[in-house]
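Plus 35 on top of the position in the sequence shown (first one is 1) and you've got the working numbering. In this text, a Cβ means the ideal position worked out from N, Cα and C, and glycines have one as well. Since the model is a prediction, treat every value here as computed from it, not as a measurement.
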Amino acid sequence: VGGAWRRPVGLDASYCQHVVRRGAALVVDDATAHPLVRDSHATREAGIRSYASAPVVTPSGVVLGTVCVVDFHPRAWSDDDLAALAECAALAGEEV
Numbered sequence: 036v037g038g039a040w041r042r043p044v045g046l047d048a049s050y051c052q053h054v055v056r057r058g059a060a061l062v063v064d065d066a067t068a069h070p071l072v073r074d075s076h077a078t079r080e081a082g083i084r085s086y087a088s089a090p091v092v093t094p095s096g097v098v099l100g101t102v103c104v105v106d107f108h109p110r111a112w113s114d115d116d117l118a119a120l121a122e123c124a125a126l127a128g129e130e131v
C-alpha cells in the first residue's frame with residue numbers, strides 16, 4: 036500500500052461518495068488537480084492520486100455502493116479499464 040493509507044477513509048472523505056450521490060462513474064487521473072477530490076483527506080493524507088469507479092445499482096435502481104480502484108500515482112485510465120469496472124459493477128448489482 037502506498038502513501039500513508041494506514042486507517043480507513045470515512046464516507047465523508049471518500050471518493051465513492053460522489054459516485055453514490057450522482058449514480059454515475061467517476062474517473063480521476065490526478066487527484067491533486069480534480070475539483071471533487073483535491074482537498075479530500077484521501078488525497079492529502081492517504082496519498083491517493085488516481086481513482087476510477089462505477090456505481091453498483093440494483094435492478095430497481097438503488098445505488099448500493101461502488102466498484103473502484105485506486106493508484107498512488109497519476110494514471111490515465113483506459114477504455115478497457117473503465118469497461119471492466121462497469122461490467123463488475125453491473126454484475127454486482129444484478130447479484131444483490
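Mapping the DSSP letters down to three states, classify residue i as helix, strand or coil.
i, result
"Ala87", "strand"
"Val36", "Note that Val36 has pLDDT 44, beneath the 50 cutoff, so the model's placement of it is unreliable and the number below is only indicative. Coil, per DSSP."
"Val92", "strand"
Residue i bridges to which residues according to DSSP?
i, result
"Val105", "Tyr86"
"Val62", "Ala87"
"Gly100", "Val91"
Would residue i be called buried (16 or more neighbouring beta carbons within 10 Å of its own) or exposed?
i, result
"Asp93", "In the sequence on display, residue 93 carries Thr and not Asp. With fewer than 16 Cβ atoms within 10 Å of its Cβ, Thr93 is classed as exposed."
"Ala59", "exposed"
"Ala68", "exposed"
"Ser113", "exposed"
"Pro70", "exposed"
"Ala77", "buried"
Using only the alpha-carbon positions, how far apart do residue i and residue j sit?
i, j, result
"Val54", "Thr101", "7 Å"
"Ala121", "Ser95", "17 Å"
"Ser49", "Ile83", "10 Å"
"Pro109", "Ala125", "26 Å"
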